[in-house]
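> Residue numbers (the working numbering): 82 to 331.
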Ligand code: 9D3
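#1: Mind checking whether residue 316 and residue 290 have CB atoms under 7 angstroms apart?
#2: Taking the CB atoms as reference points, tell me whether residue 258 and residue 288 lie closer together than 7 angstroms.
#3: Would you say residue 165 and residue 147 are within 7 angstroms of each other, going by their C-beta atoms?
#4: May I ask which residues mark the beginning and end of the beta strand (DSSP E) holding residue 114?
#5: Which residue's Cα is closest to the Cα of residue 97: 207, 88, 226?
#6: What residue ranges within the stretch 190-243 form continuous beta strand (DSSP E) runs of no fewer than 3 residues, ordered along the chain?
#7: Going by the CB atoms, is the gap between residue 151 and residue 127 shorter than 7 angstroms?
#8: How about residue 145 and residue 199: are their beta carbons less than 7 angstroms apart?
#9: Whether or not the stretch 229-237 and the stretch 180-196 are in contact is what I'm after, with contact meaning three or more pairs of Cβ atoms, one per stretch, closer than 8 angstroms; do they touch?
#10: Please go through the stretch 91-149 and give each complete beta strand (DSSP E) segment of 3 or more residues, from N-terminal end onward.
#11: Using beta-carbon positions only, say whether residue 254 and residue 307 come within less than 7 angstroms of one another.
#12: Buried or exposed: residue 265, going by 16 or more other Cβ atoms within 10 Å of its Cβ?
#13: Which residues bound the beta strand (DSSP E) around residue 86?
#14: For a test of your reading of the model: does the CB of residue 217 fall under 6 angstroms from any non-hydrogen atom of the ligand 9D3? Yes or no.
#15: Answer yes or no: do residue 205 and residue 256 have a C-beta to C-beta separation smaller than 7 angstroms?
#16: Taking the alpha-carbon positions, what's the residue 321 to residue 303 distance?
#17: Let me check one thing: in DSSP terms, what residues is residue 188 bridge-paired to?
#18: Determine, using beta-carbon pairs with one atom in the stretch 154-173 and one in the stretch 131-143, whether at least three such pairs fall under 8 angstroms.
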């Protein structure tokens with residue numbers, strides 16, 4: 082995957098992506114990164130990238146021309162890329178979109194700062210607008226980095242085991258089960274005995290039940306989208322019954 086970002090903070094982007102799983106993908110060439118700073122494409126002495134909004138109001142708006150020239154430079158490196166703009170008005174990013182991005186050869190991400198980007202640039206140059214969720218960040222960079230991270234780890238050969246990507250929470254629409262490691266006994270508590278039993282069928286059953294139970298407790302919206310098979314429904318019914326016993330029947 083080749084990624085270009087239009088960003089006023091290329092150091093933030095490059096620094097962040099050198100770390101961890103994505104950093105290794107960059108080193109191996111599985112991910113290629115190109116940053117284009119609109120400020121480098123200004124023509125005035127002040128290197129101006131923003132101006133006051135027509136119609137008044139607070140904040141500043143990113144100028145068309147520095148963005149257009151930065152985009153031209155990005156397109157000359159990634160000629161077939163779709164242009165994705167980070168925006169609170171965009172479609173909500175999710176695991177399905179991460180999977181889709183992980184299969185694309187080229188993507189150009191436009192990261193806004195200040196109040197936003199001149200709408201004429203968005204209307205004519207941007208193919209899709211994507212948001213991370215209903216909260217306000219101070220720019221598009223951190224959302225773009227999150228999306229790049231989510232997509233890169235899904236590319237074949239990036240994770241040590243492709244199994245980790247397959248077993249991700251949300252891959253089958255339920256939350257992950259709890260995890261434990263040594264020591265088995267600790268002042269903070271004991272590891273659930275089933276995990277020490279060596280009975281792998283029972284362990285898989287327990288984990289599935291924990292996943293279904295956690296989803297029922299914390300994300301009923303996810304559970305509502307599923308049709309559980311008989312085995313899953315039985316596991317969840319038992320979890321719910323145990324939960325009601327523990328908390329008293331209301
Ligand atoms: C309501 C007026 N502005 C907030 C003070 C609007 C606004 C402008 C610029 C809101 C956010 C931003 C900067 N953030 C993004 O561009 C952004 C974003 C976000 O804020 N939340 C979730 N996903 C994204 S993707 C890009």
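Yeah, the Cβ is synthetic: ideal placement off N, Cα and C, and Gly gets one too.
Reading from the atomic positions:
#1: The answer is yes: Cβ separation under 7 angstroms.
#2: Inclusion of residue 258 and residue 288 in the CB contact set at 7 angstroms is warranted, their separation being smaller than that value.
#3: Not closer than 7 angstroms, so no.
#4: According to the DSSP assignment, residue 114 belongs to the beta strand (DSSP E) that extends over 113-117.
#5: Ranking 207, 88, 226 by Cα distance to residue 97 puts 226 first.
#6: For secondary structure counted as the beta strand (DSSP E) over 3 or more consecutive residues, the stretch 190-243 holds these complete runs in sequence order: 209-212.
#7: Contact flag unset, no.
#8: Less than 7 angstroms separates the beta-carbon of residue 145 from that of residue 199.
#9: In short, these stretches touch, since the Cβ pair count reaches three.
#10: Counting whole runs of 3 or more residues, the stretch 91-149 contains the beta strand (DSSP E) stretches 113-117.
#11: For the 7 angstroms CB-CB criterion, residue 254 and residue 307 form a contact.
#12: Exposed, by the Cβ-count rule.
#13: Residues 83-87.
#14: True, at least one ligand heavy atom lies under 6 angstroms from that Cβ.
#15: One thing to note: residue 205 has its Cβ no nearer than 7 angstroms to the Cβ of residue 256.
#16: Distance from the CA of residue 321 to the CA of residue 303, rounded to the nearest whole angstrom, comes to 16 angstroms.
#17: Per DSSP, 84, 163.
#18: Between the stretch 154-173 and the stretch 131-143 there are fewer than three inter-stretch CB-CB distances shorter than 8 angstroms, so the stretches are not counted as touching.
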